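The next block holds one structure in the form of structure tokens; read it before the comments.
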Amino acid sequence: MGASGTLAALAAVALAGCAVVVGVSRLATVGPTVPARLPHLGGLPPAEHALSRFHVRWYAVTMVFLAFDMEMIFMYPWTLVVPMMGTSSVVEMFLFLAILLAGVVYAWREGALRWT
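Taking the UniProt record's numbering, I'd label the letters of the sequence shown as residues 1 to 116.
Take a look at the structure:
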């Protein structure tokens with residue numbers, strides 16, 4: 001048996017061992033007790049399911065937040081390279097900020113920032 005055969009046999013034994021451990025764990029698991037199913041440090045039982053739907057206005061707020069978040073992610077490294085890159089990096093950053101500002105103005109005009 002060559003090196004690849006030994007490696008395949010070792011992988012098969014490891015996979016079989018993992019399958020045995022997972023199988024024994026599934027068979028020996030006892031369901032959660034009543035106190036484990038109650039809310040922890042919440043005080044009240046949940047009023048709705050955790051995977052309930054969000055109101056559609058939250059998606060617009062999320063997009064505006066991501067625009068500002070991307071702005072900050074790109075501005076920090078930019079501050080480190082401005083002395084080396086010169087005027088071209090300043091122009092590029094202001095162009096990037098202008099595009100983001102146009103997106104925020106559009107969101108504002110469409111009412112994404114209005115909560116009523």
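A virtual CB, placed ideally from N, CA and C, is assigned to each residue, including glycine. Keep in mind that this is a model prediction, so the values were computed, not measured.
Spatial neighbours of residue i in its chain, beta-carbon cut-off 7 angstroms, leaving aside the 5 residues before and after
i, result
"A67", "L100, G103 and V104"
Cβ-Cβ distance between residue i and residue j below 8 angstroms
i, j, result
"W78", "M63", "no"
"V90", "V81", "no"
"L95", "E71", "no"
"A107", "A60", "yes"
Opening and closing residue of the alpha helix (DSSP H) in which residue i lies
i, result
"A12", "A3 to A28"
"V64", "R57 to M85"
Neighbourhood of residue i by C-beta distance below 6 angstroms, restricted to the same chain and skipping five residues each side
i, result
"R26", "none"
Cut-off 8 angstroms between Cβ atoms - residues of its own chain near residue i, not counting five sequence neighbours on either side
i, result
"R114", "none"
Q: Pick out the complete alpha helix (DSSP H) segments inside the segment 87-114, 4 residues or longer, and give them in chain order.
A: If we require 4 residues or more, the alpha helix (DSSP H) runs fully inside the segment 87-114 come out as 87-110.
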